[in-house]
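**Student:** Numbering (my numbering), first residue to last: 2 to 308. Idealized CB from N, CA, C, for every residue including glycine. It should be emphasised that the depicted structure is a prediction, and the values quoted were computed from it without experimental measurement. Sending over a structure as structure tokens; questions will come in a sec.
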Ligand code: NAP
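The following block contains the structure:
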């Protein structure tokens, strides 16, 4: 019987592992099919405190793993398919392999939704990204585009006007889904040019393999176009990686795990949720790491109280 199983190896998972390992709980960390989480798909991370020169996303994740391992965290590269609560403990299923634990910390993150265009995944980090806070500052005085019409798209577009010379806001309809205040703020910004009723049909790259333009199609009159730019920010939503829990824990209508007010506890005793799988608002490396710390402290307290 494990004391703590941590599912996920992004910032939240490794922070939880560092804290529970230092508390002598020798956590077992299960890394799924994307060890290191979303930061492994970015290049320079400039906003993680402690790295004035910036740090490469994959390097940061390796350092976190090293730090957790140093204190006794164990990692297994297993994909969790199901979690069940049986009496007072949890069964964590990895295919046919079943692990048992007193507590489970879910830190499986979220995956940015993509358009599904050919070669899209390979362009991430090469002029295609889903995080303006992470990458916006790399695109100063050049045109960029945001795809989407929700709060994220409006927020990202408005944020990007601090850097970019122009921000095309490409939306598939002629009306934004975003809340009124965010939509109005975005549309009032003279650097933002909305491109209505339009779908991006292809990403074009330069000789260095960086995105340099997109081709578009107007969905009403079917006319085709091309927009030259230096970066595309895809903001068409995220998908929290909570599906494998299959109804075990309460989630909101989009699948984000609901944390009990002011904590990382869920409606299931002994089950904690940390990071992007429970956070559709901040979605930052530092907030995920903070959440991982909180989940670790709460799991530690839960175990101590039961003993
Ligand atoms: P969202 O509200 O689901 O909006 C997604 C947008 O992407 C929609 O405009 C949608 O178009 C478009 N879209 C979806 N699939 C597409 C596709 N395949 N091709 C082209 N466009 C596509 O997602 P979100 O903006 O990430 O927001 C998620 C949640 O977080 C919301 O509840 C939001 O309020 C919240 N949020 C809040 C804040 C804040 O308060 N500061 C900031 C960000 C997010 P349609 O409109 O046509 O469906």
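#1: Which residues have a Cβ closer than 5 Å to any heavy atom of the ligand HEM, listed in chain order?
#2: Would you check if the region 83-103 and the region 174-186 touch, i.e. whether three or more CB-CB distances between them fall below 8 Å?
#3: Round the Cβ separation of residue 300 and residue 104 to the nearest angstrom and send it over; I've been treating them as touching at under 8 Å.
#4: Just confirm the distance between the C-beta atoms of residue 115 and residue 121, as a whole number of angstroms; I'd bet it's less than 8 Å.
#5: Given a cut-off of 8 Å, decide if residue 170 and residue 198 are closer than it, judged by their beta-carbon atoms.
#6: Would you tell me roughly how many angstroms separate the C-alpha atoms of residue 167 and residue 143, rounded to the nearest one?
#7: Can you round the beta-carbon distance between residue 281 and residue 112 to whole angstroms, since I take them to be within the 8 Å contact cut?
#8: Could you tell me the alpha carbon to alpha carbon distance between residue 58 and residue 154, rounded to whole angstroms?
#9: Output yes or no for whether 8 Å exceeds the beta carbon distance between residue 99 and residue 249.
#10: Residues bridged to residue 203 by DSSP?
#11: I'd like to check one pair, residue 37 with residue 11: are the Cβ atoms closer than 8 Å?
#12: In whole angstroms, give me the CA-to-CA distance for residue 130 and residue 63.
#13: With a cut-off of 8 Å on the beta carbons, I'd call residue 5 and residue 75 a contact; round off their distance for me.
#14: May I ask which residues mark the beginning and end of the beta strand (DSSP E) holding residue 232?
#15: Return the first residue and the last residue of the beta strand (DSSP E) that residue 53 is part of.
#16: Going by beta-carbon coordinates alone, are residue 148 and residue 7 separated by less than 8 Å?
#17: Residue 256 and residue 244: beta carbons closer than 8 Å?
#18: Residues in its own chain within less than 6 Å of residue 284 by CB, not counting five upstream and five downstream?
#19: For residue 35 and residue 21, I'd like the C-alpha separation in whole angstroms.
#20: For residue 78, does the count of other Cβ atoms within 10 angstroms reach 16, so buried, or fall short, so exposed?
#21: Please look up how many angstroms separate the CB atoms of residue 205 and residue 217, rounded, as I've assumed it's under 8 Å.
#22: Taking only three categories from DSSP, how would you classify residue 132?
#23: Are the beta-carbon atoms of residue 72 and residue 161 separated by less than 8 Å?
#24: Run the CB neighbour count on residue 222, radius 10 Å, all protein chains shown included, and call it buried at 16 or more, exposed below.
#25: In whole angstroms, give me the CA-to-CA distance for residue 89 and residue 134.
#26: Closest to residue 241 by C-alpha separation, out of 227, 275, 264 and 226, would be which residue?
#27: With a CB to CB cut of under 7 Å and the five nearest residues on each side skipped, what residues in its chain are close to residue 164?
**Tutor:** This is what the structure holds:
#1: This structure lacks the ligand HEM; the ligands present are the ligand NAP.
#2: For the pair of segments examined, the region 174-186 was found not to touch the region 83-103: the number of CB pairs separated by less than 8 Å stays below three.
#3: Contact holds; Cβ gap of about 4 Å.
#4: Indeed, because the Cβ distance is near 5 Å, the residues count as touching under 8 Å.
#5: Contact flag unset, no.
#6: Rounded to the nearest whole angstrom, the C-alpha separation of residue 167 and residue 143 is 7 Å.
#7: Not quite, the Cβ-Cβ distance comes to about 13 Å (not below 8 Å), so this is no contact.
#8: When rounded, the separation of the alpha-carbon atoms in residue 58 and residue 154 is 23 Å.
#9: No.
#10: Paired residues: 216.
#11: Yes, Cβ-Cβ distance for residue 11 and residue 37 is below 8 Å.
#12: Taking the straight line from one Cα to the other gives about 21 Å.
#13: Taking C-beta atoms under 8 Å as the contact rule, residue 5 and residue 75 fail to qualify, at a distance of about 11 Å.
#14: Segment 232-235, the beta strand (DSSP E) holding residue 232.
#15: Where residue 53 is concerned, there is no enclosing beta strand (DSSP E), given that its DSSP letter is neither H nor E.
#16: No; because the gap between Cβ atoms is not below 8 Å, this pair is not in contact.
#17: Yes, they are a contact pair.
#18: Excluding sequence neighbours, residue 284 sits near 277.
#19: When only Cα atoms are considered, residue 35 and residue 21 end up about 22 Å apart.
#20: Under this definition residue 78 is an exposed residue.
#21: Wrong, their Cβ atoms sit about 11 Å apart, outside the cutoff.
#22: Coil, per DSSP.
#23: The Cβ atoms of residue 72 and residue 161 lie no closer than 8 Å to each other.
#24: Flag for residue 222 reads exposed.
#25: Put simply, the backbone Cα of residue 89 is about 41 Å away from that of residue 134.
#26: Residue 275 is the option with its Cα nearest to residue 241.
#27: Around residue 164, the same chain offers 137, 138, 140 and 141 as residues with beta carbons nearer than 7 Å, after the five sequence neighbours per side are excluded.
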